[in-house]
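Trainee: Starting off with a structure, shown below.
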Amino acid sequence: TGRTKHFLSLVGEHLSVENMNKAIQLASEELNICIPEFTVAGVPYDNFFAHHWYVACDDKVDAVQLAKLIDEKLKALNDDYAVERRSALKDVRLNVLSEKQFMDFMQAKGKVGGQHKFPRVLKGSMLDDWHKFLKAQDPTLSIPA
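Quick note: the sequence shown uses the numbering used here, first residue 421, plus one each step.
Shown next as structure tokens:
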């Protein structure tokens, strides 16, 4: 699929793209919503860390409920994740965005077409660019500094 190299392991949680895809699939099925795109970033949080999810969903969904459900699914899918959620990985944040926002960002980056997929894990300059893009669209959006 072109995304198998993506993983997130800030503190030993060892989340693979397969874990992420499965958790999103299970959560979307349980809530009867469609999530065509998502990405996640590791962010600092109160001297520890958090995962910040950005989820494309044009259906009506409560972000707190969705974050909790994804977190529960990941704990069930990945023992390392479950362990780290009790120690250094302190929180799971989530923003619900439109699918158009994901596509517009890719277009702004010059990555249009089927061969270009939105990264499942954002870090470094790509994460900075994503945050700037989102803040430009909605200055009130709560995203990590």
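For glycine and all other residues, C-beta sits at the position ideal for the given N, C-alpha and C.
From the DSSP output, in three-state form, read off Ser-436 for me.
Mentor: strand
Trainee: From what residue to what residue does the beta strand (DSSP E) around Val-516 run?
Mentor: 509-517
Trainee: Given that a residue counts as buried once 16 or more other Cβ atoms are within 10 Å of its Cβ, and exposed if not, what is Gly-432?
Mentor: exposed
Trainee: Can you tell me whether Lys-552 is buried or exposed, with buried defined as 16 or more other CB within 10 angstroms of its CB?
Mentor: Answer is exposed; the Cβ neighbour count stays below 16.
Trainee: I need the boundaries of the beta strand (DSSP E) containing His-471, first residue and last residue.
Mentor: 468-476
Trainee: Kindly indicate the opening and closing residues of the alpha helix (DSSP H) around Val-503.
Mentor: 499-505
Trainee: Roughly how many angstroms separate the alpha carbons of Tyr-465 and Asp-479, rounded to a whole number?
Mentor: 29 Å
Trainee: Determine whether the beta carbon atoms of Leu-509 and Asn-439 lie at a separation below 8 Å.
Mentor: Inclusion of Leu-509 and Asn-439 in the CB contact set at 8 Å is not warranted, their separation being larger than that value.
Trainee: For Ser-448, is the classification buried or exposed, using 16 other Cβ atoms within 10 angstroms of its Cβ as the cut-off for buried?
Mentor: Around the beta-carbon of Ser-448, 16 or more other beta-carbon atoms lie within 10 Å, marking it buried.
Trainee: Tell me the residue span of the alpha helix (DSSP H) that contains Gly-530.
Mentor: Segment: none, Gly-530 is in no alpha helix (DSSP H) and carries neither H nor E.
Trainee: Bridge partners for Ala-461 per DSSP, in chain order?
Mentor: Looking at the DSSP assignment, Ala-461 forms a beta bridge with His-472.
Trainee: Under a Cβ-count criterion, where at least 16 other Cβ atoms within 10 Å of its own Cβ denotes burial, should Ala-556 be classed as buried or exposed?
Mentor: With fewer than 16 other Cβ atoms inside 10 Å of its own Cβ, Ala-556 counts as exposed.
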